[in-house]
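Q:
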Ligand SMILES: [Fe+2]
Ligand SMILES: [Fe+2]
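Residue numbers (our numbering): 38 to 249.
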């Protein structure tokens, strides 16, 4: 069976799209139907590790925005643990080392400097996070705690923006097989805890399955 599209080109009608059982094909095209026409959309139904990290950045930004708006920072301890034990750990142990090895362009020295700055940011974020955790156990000086939490949020947000502008765009440029890092990254997510991961990031199990 075929369907006429605007160009007059005849295309085979794809099997009815069953999104629940859809198998993504890397670099392939997916089909959807709109107003009786079959449109071919250039979507890639796969996500690489850096794109997943950027979705996590969105989740973090939303956590911080909600906390600022409601003046309720109860989630900061869960967020801090997620950043330390999962998100930054994937960057430090998996993504940054792979980038260090695979960056090949002419501005390599500059990128390596940016990477070490971002690693230093992680150490600073870890230190502020630790101060927040320790202050909690001591349970005094709420004003200092409030200031540190706000500092934590702005530092993480600014750091994430730097990653997205300075280094993540170069992930795909090396030509290396970057997918080989996925098992190590997923191992860190599993060690952190899948259910906690889904809860704190808002990322669905289905999306995580698409990380390749
Ligand atoms: Fe980071
Ligand atoms: Fe990040």
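All C-beta atoms, glycine included, are put in the ideal place defined by N, C-alpha and C.
(1) Between residue 197 and ligand 2, is there a pair consisting of the residue's CB and a ligand heavy atom that are separated by less than 8 angstroms?
(2) Measuring only from the beta carbon, is residue 128 closer than 8 angstroms to any heavy atom that is part of ligand 2?
(3) Please list, in chain order, all residues of the same chain as residue 187 whose beta carbon is under 7 angstroms from its beta carbon, the five residues on each side excluded.
(4) Would you tell me roughly how many angstroms separate the C-alpha atoms of residue 151 and residue 205, rounded to the nearest one?
(5) At the level of alpha carbons, what is the spacing between residue 105 and residue 219?
(6) So what's residue 57 in DSSP terms, helix, strand or just coil?
(7) Please report the distance separating the alpha-carbon of residue 191 from that of residue 214.
(8) Looking only at its own chain, which residues have a Cβ that is under 7 angstroms from the Cβ of residue 122, when we skip the five neighbours before and after it?
(9) Return helix, strand or coil for residue 84, following the three-state DSSP convention.
(10) What number of angstroms, rounded off, separates the C-alpha of residue 130 from the C-alpha of residue 144?
(11) Pick from 103, 225, 237: whose alpha carbon is nearest that of residue 86?
(12) According to DSSP, which residues form a beta bridge with residue 248?
(13) According to DSSP, is residue 129 helix, strand or coil?
A: On the basis of the coordinates in this document:
(1) yes
(2) yes
(3) none
(4) 11 angstroms
(5) 34 angstroms
(6) Reliability of the predicted coordinates at residue 57 is poor, the pLDDT of 42 falling under 50, and no value is obtained from them.
(7) 34 angstroms
(8) 229
(9) strand
(10) 23 angstroms
(11) 225
(12) 84
(13) helix
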